[in-house]
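Just below is one structure, and these are the notes that go with it.
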Amino acid sequence: MNNMLVKIAVPVIGLGVTLVLAFVAFFVISAWWGMPPAVLGFGDGPEQPIAFPHTVHVNQAGIDCQFCHRSVSTEAEASIPAVEQCLFCHTFGAIDGSMSEREGAQAEIAKFIEGEDPINWVRVHRVPDHVHFVHAPHIQRGVSCNTCHGDVAGMEVVEQVRNLKMRDCVDCHRANNAPTDCAVCHY
Amino acid sequence: MGLSRRQFLKWAGVTGVGAVVFNGCRIPDHEIQVQSPVQLAEDLVSGRDNYYATAAQSGSGSEGLLVRVMEGRAKKVEGNPDYPLNTGAHSVRSEALLQALYHPDRLQGPMARIAPGGPFRQIGWPEAMEQLAEILQEADPASVLMATGAVRGRLADVINAFSQSYGGRVMGFEPLEQGVLRGVMSNLFGQTVLPTFDLANTNFLLGFGADFLGTWLAPVHFSRGYGEFRQGANRQRGRFVQVDTRYSMTAAAADRWMWVRPGTEGLMAMAMIHTIVSEGLGDPDVANALTGGQGAGALSAYSPSAVAAETGVDADDIVQLARTFANPANQPALAIGGGSAAAHTNGTFNLTAIYSLNLLVGSVNQPGGIIFNPATVHSQIQPAPVREWKAALEDMRAGNVSVLMVRDANLAYGLPGSLRAQEALEQVGTIISFSSFLDETTAMADLILPGHTPLEEWGSDTPEPGPGYETVAFQQPVVRNYRDSLAFGDTLIQVGRQLGLEGDLPWENMREAVRAAARTLHETGRGSVTMATFEEFWRRTLERGGWWDMNSRVNGQPSAPAQLPTSAPQANLAGNPEQYPFYLVPFESQALGSGEYAHLPWAQSVADPITTVAWTTWVEINPRTAERLGVEEHDVVQIESPNGRWFRAPVYVSPAVAPDVIAAPFGQGHQYYTSYAANRGANLLDIIEPNEDQETGALAWAGTRVRLVATRRRQVLPKREGIEPAYQLPHEYEHVILVHRDS
């Protein structure tokens with residue numbers, strides 16, 4: 356009896372351990388190579404301190420990306436607006452939506468203002484330290500935001516849609532006749 | 005289990021390395037955080053700005069402007085350094101144009117009455133144009149009156165073309181128009197266009213009543229010249245005497261302010277002419293012409309000693325002033341007059357005498373003197389004198405005006421109250437307004453087709469007075485229209501097409517009309533912009549803000565003047581001196597004009613340069629008057645005019661006001677015209693008597709006597725003066741920095 360159990364259990368456990376190890380290996384390699392597989396919540400965007408719906412702001416209010424991410428066409432970073440800026444629009448802007456939604460949003464913004472508490476958003480798109488990605492030349496060249504960031508307008512929670520690995524960058528640079536010297540990004 | 009020393013060190017090493025290695029794998033918090041700061045950084049400027057050259061009429065002045073536009077929003081108005089009239093400076097009225105653009109109370113779009121006398125409802129432009137066309141089609145063109153402000157440039161061409169083609173009548177309206185000055189320039193110098201004054205090259209300047217540094221004609225232009233006159237390089241500082249009934253900003257800037265009794269400015273100038281002629285100081289030919297060949301004898305009524313009592317100026321002072329003015333060492337000397345000096349029943353006489361002084365010293369169309377302007381390339385709609393407006397109101401009362409089209413002509417506010425313009429307007433069949441704001445007249449309208457504000461529309465301006473040569477300013481929109489409005493010119497062109505008048509209004513829109521005019525300028529092949537192709541010319545002209553030709557000057561001298569009258573017509577002031585002991589000296593507000601800028605909060609908040617009061621109407625009185633009435637600053641007095649009308653305002657006590665004068669600014673007392681203007685201060689136009697200048701029929705707005713009644717009320721004057729303490733360093737501080745000056 357015990358022998359039987361051992362005879363069955365050992366291969367099953369062994370197989371299980373192998374499968375788990377294989378999955379971990381696959382996960383690590385695919386994440387290394389490109390995007391990790393969208394399982395166990397890995398593909399989802401991170402939870403943010405304010406459930407900021409881009410859908411409402413872009414689709415319903417019709418706000419252009421650059422209205423909030425102002426420095427994107429002139430600087431390296433696409434800046435994130437100050438909380439005051441949120442409040443200006445929510446106080447004076449012509450915003451549709453139900454009263455409870457509007458009041459809810461205003462109350463949430465007010466908390467940060469009153470507490471003089473910056474909003475610590477969780478970064479969704481990130482390239483390694485040895486890569487200098489500068490937004491401005493891309494935007495000035497006419498690359499639209501959704502080329503890299505996907506249809507943010509349709510996302511309740513922002514998630515990464517492109518792997519943003521070096522191969523991805525280089526492919527796009529080649530396709531658009533952009534420079535591919537190492538020092539373009541690694542400087 | 006025992007742990008040897010060696011084993012312990014091994015484990016400790018492994019754990020330590022592991023901790024370091026695995027911690028290194030983790031992305032630090034600050035790298036996965038993106039922070040929204042709470043407050044906007046004030047110096048964060050993102051995006052790029054553009055500057056567009058455009059132009060605006062500021063009262064009667066014309067200003068070339070550069071507007072800073074960022075991300076589709078007009079942010080700041082600056083003066084255009086290229087434009088010959090303001091050369092980089094600009095007035096507060098132009099500065100505040102941004103607020104006209106973004107005004108919260110601006111009309112949102114076309115409106116019509118639900119029923120006659122009922123409330124307004126918003127309508128769309130197609131419906132509005134249809135209604136307008138229908139009204140104009142059904143009306144008898146002879147009974148259609150169009151009232152506009154003073155309009156110059158291409159818009160004037162369009163308005164005139166429309167009214168001639170349609171058959172209606174156009175009348176310009178401005179409460180404080182320059183009809184008297186215009187008449188005198190025509191009579192004395194044969195000029196149909198207002199001349200300019202070459203202050204920059206004058207040596208001795210004599211002003212009569214004209215607040216040319218604050219409000220009169222083109223203050224920004226004159227201030228430029230004045231700066232040169234006083235502090236220009238390579239010249240001696242010019243001397244300046246101002247003869248005025250009120251201590252205005254211009255009077256304050258003068259070396260000497262001489263008070264003169266209201267309405268006797270001409271008499272004083274005549275006494276000066278008497279001195280100059282009798283002492284043989286001026287041009288003998290001119291002296292001969294002015295006296296009809298009789299010499300000083302023809303002017304015996306004006307001897308300084310004879311007029312001293314009436315004018316309130318010492319005879320010796322007049323003689324001294326005349327000698328200084330005519331002294332060859334002080335040439336070129338220039339005398340200018342206007343403002344309150346012209347606003348009397350004898351206004352034409354006053355200005356004729358004042359400007360004749362220039363003839364005697366040869367300062368006409370000469371450097372440092374009066375400089376004639378060439379005729380403008382566009383037509384103009386000049387404000388009609390109050391005499392004509394009285395007749396127009398009679399027409400309305402008689403039911404002869406079926407349709408009144410109004411644009412920037414606030415008849416219900418700007419005509420003297422005793423003319424009861426509102427009652428007359430009620431007799432008009434249909435009132436159509438094209439104003440951007442709900443002013444008093446627009447509030448009576450049946451149909452409103454709101455026009456653009458100046459920063460949104462195409463146009464051009466032929467300044468009057470110009471800089472002495474042909475000048476055309478180009479006005480282009482710097483942003484898209486912010487509200488559902490349409491430029492007045494475009495409305496006329498479109499409705500003209502619906503009425504079948506396109507033969508006389510052949511342009512697609514205002515832009516095309518302006519381009520058509522620019523094309524003729526291009527074809528002249530002269531001036532500041534000459535280009536091979538028209539498109540290049542158009543681009544360059546818009547870039548510079550205008551076109552001017554410094555060689556197109558008027559040469560020559562006027563023909564010999566007619567003889568001056570041998571006796572002076574008295575200023576006929578309303579009210580007898582026993583009952584109404586004070587002269588009311590109203591004055592134009594530097595920021596609000598005669599009320600047309602009262603809707604702009606920036607204009608409202610500009611402190612008056614003399615009293616520092618803003619946002620309300622005040623009454624300037626002499627300390628002795630205050631003592632007699634038992635009032636002090638902030639106490640409210642009631643000012644009563646002979647026609648039974650009155651207003652109340654707080655008192656500002658100043659020794660610079662003559663004892664029998666009270667002075668108060670125009671501009672406030674609106675019933676409508678946005679929440680910034682409504683129910684604020686008092687409208688002086690409401691109480692003044694509608695007397696006219698005998699010659700031109702212009703409103704004698706400075707010709708009303710009033711009485712003062714103390715009330716028990718008190719209203720704190722909103723003013724800067726005396727509010728802030730002086731933060732002077734105490735005497736023990738001795739680190740005085742001396743600025744070294746070469747002189």
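Protein sequences, first through last, are from chains A and B.
Residues 356 to 542 (the numbering used here) make up the first sequence, in order.
Residues 5 to 747 (the numbering used here) make up the second sequence, in order.
Where a beta carbon is used, it is the ideal one built from N, C-alpha and C, also for glycine.
A quick note: this is a predicted structure, and the numbers were derived from the prediction, not measured.
Got a sec? Which residues, its chain only, sit under 7 Å from residue i by beta carbon, not counting five neighbours each side?
i                : result
GLN421 (chain A) : VAL427 and SER428
LEU415 (chain B) : ALA151, PHE177, ALA425, LEU429 and THR445
THR715 (chain B) : VAL640, VAL641, GLN642 and ARG652
TYR230 (chain B) : LEU203 and LEU217
Are the C-beta of residue i and some C-beta of chain B separated by less than 8 Å?
i                : result
TRP387 (chain A) : no
VAL507 (chain A) : no
ILE435 (chain A) : yes
ASP523 (chain A) : no
ASP399 (chain A) : no
VAL438 (chain A) : yes
VAL477 (chain A) : yes
ARG496 (chain A) : no
Output the distance between the C-alpha atoms of residue i and residue j, rounded to the nearest integer angstrom.
i                : j                : result
ALA706 (chain B) : GLN135 (chain B) : 42 Å
GLY63 (chain B)  : VAL96 (chain B)  : 11 Å
GLY343 (chain B) : ASP215 (chain B) : 7 Å
ALA24 (chain B)  : PRO391 (chain A) : Before going on, a small fix: residue 24 (chain B) reads as Val here, not Ala. Between VAL24 (chain B) and PRO391 (chain A), the C-alpha separation is close to 25 Å.
THR196 (chain B) : SER190 (chain B) : 6 Å
TYR656 (chain B) : LEU721 (chain B) : 8 Å
ALA326 (chain B) : ALA258 (chain B) : 17 Å
VAL155 (chain B) : ARG186 (chain B) : 16 Å
GLY316 (chain B) : ALA59 (chain B)  : 43 Å
ARG530 (chain B) : GLY194 (chain B) : 27 Å
GLY455 (chain B) : PRO114 (chain B) : 9 Å
GLY128 (chain B) : GLN141 (chain B) : 20 Å
PRO332 (chain B) : GLY267 (chain B) : 30 Å
THR535 (chain A) : LEU519 (chain A) : 15 Å
ALA668 (chain B) : LEU419 (chain B) : 17 Å
ASP508 (chain B) : PHE166 (chain B) : 7 Å
THR708 (chain B) : HIS107 (chain B) : 36 Å
VAL367 (chain A) : ILE405 (chain A) : 45 Å
SER598 (chain B) : VAL405 (chain B) : 26 Å
GLN479 (chain B) : VAL381 (chain B) : 16 Å
CB residue i to CB residue j, shorter than 8 Å?
i                : j                : result
LEU221 (chain B) : PRO573 (chain B) : no
THR349 (chain B) : PRO308 (chain B) : no
ALA662 (chain B) : HIS674 (chain B) : no
LEU355 (chain B) : VAL188 (chain B) : yes
GLN61 (chain B)  : ASP465 (chain B) : yes
ASP450 (chain B) : ARG125 (chain B) : no
ASN334 (chain B) : ASN207 (chain B) : yes
PHE441 (chain B) : ASP109 (chain B) : yes
TYR770 (chain B) : ALA447 (chain B) : Absent from the structure is residue 770 (chain B), since the part of chain B shown begins at 5 and ends at 747.
Using the rule of at least 16 other Cβ atoms within 10 Å of the residue's Cβ for burial, across every protein chain shown, is residue i buried or exposed?
i                : result
ALA402 (chain B) : exposed
PRO492 (chain A) : exposed
CYS423 (chain A) : buried
ARG711 (chain B) : buried
ALA104 (chain B) : buried
ILE363 (chain A) : exposed
ASP412 (chain B) : buried
GLU600 (chain B) : buried
GLN415 (chain A) : exposed
Within 8 Å (strictly less), CB to CB, does residue i reach chain A?
i                : result
LEU44 (chain B)  : yes
GLN480 (chain B) : no
SER40 (chain B)  : yes
GLN675 (chain B) : no
GLN112 (chain B) : no
GLN37 (chain B)  : yes
Kindly list the residues whose CB is nearer than 6 Å to the CB of residue i, restricted to its own chain and excluding five residues on each side of it in sequence; keep chain order.
i                : result
VAL665 (chain B) : TYR587 and VAL589
VAL617 (chain B) : LEU721 and LYS723
Just to confirm my understanding: we take residue i, look at its own chain, exclude 5 residues before and 5 after, and list those with CB closer than 8 Å. What are they?
i                : result
SER747 (chain B) : Interpretation of SER747 (chain B) is limited by its pLDDT of 49, a score under 50 that renders its predicted location unreliable; the figure taken from the coordinates is listed afterwards. Here the set comprises nothing.
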